[in-house]
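Colleague: Submitted below is the structure of interest, expressed as structure tokens.
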Amino acid sequence: MAAARMSRRCRKFLRRIQRTKTTYQLQEIASEVQADLERRNLSYDEALTLGNQIHVQGDSLPQPGIIYAISDRDAYRRTLELYLKDSILTKTEQLLLWEERRRLGISQEEHDNLLEQLLLQWERQGKNVTVHRWNKPGKGAEGGEVSGS
């Protein structure tokens with residue numbers, strides 16, 4: 010998904026992302042990327058590439074947290090939040106999320122981490138979320154893993 014040739018501005022952001030040591034700094038960079046995209050100083054492909062790099066760098070940092078950046082993972086996070094809005098994650102919604110993950114190239118581990126972070130965030134707000142059990146679509150009826158509670 011990387012652009013064939015990145016602009017000087019994009020390479021500058023990429024260097025800053027690679028040197029970053031905190032999620033707060035990554036969020037600042039993500040906000041700057043968003044602002045540059047809105048000012049049309051960056052193309053959407055460059056912003057998407059930078060957003061994905063921000064999430065990769067965020068995964069390598071010791072402190073957990075959700076980073077809001079233009080990326081495939083952020084698009085998936087918004088979809089997941091939409092499905093969680095009614096406080097129930099049904100089997101049908103999980104199947105749709107699985108298809109979305111497959112399309113965006115998001116692993117089950119990334120999904121589990123994001124779901125856990127969102128559930129913790131919602132619990133701090135006093136909301137209770139129910140996640141139905143389901144079998145992951147795969148090679149056969151017995152081939153799926155059970156996830157959820």
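Residue numbers (our numbering): 10 to 158.
Quick reminder that beta carbons are idealized off the backbone N, C-alpha and C, glycines included.
Assuming T29 and L23 are in contact, meaning their beta carbons sit under 8 Å apart, how far apart are those beta carbons, in whole angstroms?
Modeller: The residue you call residue 29 lines up with position 20 of the sequence shown. The residue you call residue 23 lines up with position 14 of the sequence shown. The Cβ separation is near 11 Å, so there is no contact.
Colleague: Would the beta-carbon of Q72 be found less than 7 Å away from any heavy atom of the ligand FAD?
Modeller: As for the ligand FAD, it is missing from this structure, which has no ligand bound.
Colleague: Rank A39, G67, T101 by C-alpha distance to the C-alpha of R142 and give the top, closest one.
Modeller: The residue you call residue 142 lines up with position 133 of the sequence shown. If we check each option's Cα against that of R142, T101 comes out closest.
Colleague: Are the beta-carbon atoms belonging to D81 and N61 less than 8 Å from one another?
Modeller: Counting from 1 along the sequence shown, the entry for residue 81 is found at position 72. Counting from 1 along the sequence shown, the entry for residue 61 is found at position 52. Cβ atoms of D81 and N61: closer than 8 Å.
Colleague: Label Q134 either buried or exposed according to how many other C-beta atoms from any shown protein chain fall within 10 Å of its C-beta, with 16 as the threshold for buried.
Modeller: Your numbering for residue 134 matches position 125 in the sequence shown. Q134 is exposed by the Cβ-count criterion.
Colleague: So, are the CB atoms of L46 and I79 less than 8 Å apart?
Modeller: Residue mapping note: residue 46 aligns to position 37 of the sequence shown, counting from 1. Residue mapping note: residue 79 aligns to position 70 of the sequence shown, counting from 1. Their beta carbons are under 8 Å apart, which means L46 touches I79 by this criterion.
Colleague: Assuming I76 contacts T31 (C-beta within less than 8 Å), just tell me the rounded distance between them.
Modeller: Translated into the one-based positions of the sequence shown, residue 76 becomes position 67. Translated into the one-based positions of the sequence shown, residue 31 becomes position 22. Not really, about 11 Å apart at Cβ, beyond 8 Å.
Colleague: Confirm, please, whether the CB-CB distance from V65 to L161 is below 8 Å.
Modeller: The requested residue 161 does not occur in the structure, where the chain is confined to residues 10 to 158.
Colleague: To the nearest angstrom, how far is the alpha carbon of V140 from that of Q103?
Modeller: By 1-based counting over the sequence shown, the position of residue 140 is 131. By 1-based counting over the sequence shown, the position of residue 103 is 94. If you draw a straight line from the Cα of V140 to the Cα of Q103, it comes to about 9 Å.
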